[in-house]
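To start, the structure under review is shown below, and the notes come after it.
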Amino acid sequence: MLALVLGRTHTAQHTHHASSAAPAALPAITAVGPTPDTAGQGACNKVIGALPLQIAGLAPRVVHPNPDSPYVVAWGDPAIVLRCGVPRPAALVPGSADQIFSANGGTGVYWLPVKQKAATVWTTVDRAVYVEVTVPASYATPPLNAFGAAIATVLPSVCSTDPNEPNVSKLCTRRP
8 MLALVLGRTH TAQHTHHASS AAPAALPAIT AVGPTPDTAG QGACNKVIGA LPLQIAGLAP
68 RVVHPNPDSP YVVAWGDPAI VLRCGVPRPA ALVPGSADQI FSANGGTGVY WLPVKQKAAT
128 VWTTVDRAVY VEVTVPASYA TPPLNAFGAA IATVLPSVCS TDPNEPNVSK LCTRRP
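Numbers 8 to 183, taken from the numbering used here, label the letters of the sequence shown in order.
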């Protein structure tokens, strides 16, 4: 069975462990495939193409998106899942700017975290498309710097997270 891994088709994916045992194949996962609008497809193609094969030393996973989509990829066990072209996060509202932060010290991509029972969903809020990264709670530190670096290289910022922005229409919380 073929599945999508980082925009490439593979029949199997393996990870290497420090032990002398043979590499163990990580099981495939199923994830909801986003359906970005036509304008978002070009941006998502750029994002998926800019992602490194490994994120924070984590091996890529085989993903079976449902519905089928080239805009969902994953790494590690448990899986960290990136979906590009997702809808605007419901938590992104006027006044939520105090929850938004940059993992790269204010110079990179801005993320809105939404905690769930077993994971935190981090969504970019300042790019042409919303990119969501679901990080299981078992990871002490989410690898947002690696994701942000890849995203920032291909998508410029389109809005401001500064609540003192004189042109209020440029605030990320005001965009569709």
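Glycine residues also receive a C-beta, built at the ideal position from the N, C-alpha and C atoms.
(request) Quick one: which unbroken beta strand (DSSP E) runs of 3-plus residues sit fully inside the region 31-106? Chain order, please. (result) 36-38, 70-72, 79-82 and 87-93
(request) Work out the CA separation of residue 94 and residue 70 for me, nearest whole Å. (result) Translated into the one-based positions of the sequence shown, residue 70 becomes position 63. Translated into the one-based positions of the sequence shown, residue 94 becomes position 87. Rounded to the nearest angstrom, the two C-alpha atoms are 20 Å apart.
(message) Using only the alpha-carbon positions, how far apart do residue 163 and residue 122 sit?
(response) Along the sequence shown, read from residue 1 onward, the residue named residue 163 stands at position 156. Along the sequence shown, read from residue 1 onward, the residue named residue 122 stands at position 115. Each residue's Cα considered, the two are about 26 Å apart.
(message) Just to confirm my understanding: we take residue 157, look at its own chain, exclude 5 residues before and 5 after, and list those with CB closer than 8 Å. What are they?
(response) Numbered from its first residue, the sequence shown carries residue 157 at position 150. Cβ within range, chain order: 54, 57, 58 and 59.
(message) Suppose the cutoff is 6 Å on Cβ atoms and the five residues either side in sequence are ignored; what does the same chain contact list for residue 182 look like?
(response) Residue numbering aside, residue 182 sits at position 175 when the sequence shown is read from its first letter. Contacts found: 166.
(message) Between 159, 128 and 179, which has its C-alpha nearest residue 87's C-alpha?
(response) Mapped onto the sequence shown, residue 87 falls at position 80. Nearest of 159, 128 and 179 to residue 87, Cα basis: 128.
(message) Please classify residue 64 as buried or exposed, where buried requires at least 16 other C-beta atoms within 10 Å of its C-beta.
(response) One-based indexing of the sequence shown puts residue 64 at position 57. Exposed is the call here.
(request) Tell me whether the beta-carbon of residue 37 lies closer than 7 Å to the beta-carbon of residue 99. (result) Taking the sequence shown and counting its residues from 1, the one referred to as residue 37 is at position 30. Taking the sequence shown and counting its residues from 1, the one referred to as residue 99 is at position 92. No, the pair does not count as a contact, with Cβ atoms beyond the cut-off.
(request) Counting only the same chain and skipping the five closest in sequence on each side, list residues whose C-beta sits under 7 Å from that of residue 145. (result) Looking up residue 145 in the sequence shown gives position 138. Closer than 7 Å at Cβ, skipping near neighbours: 85.
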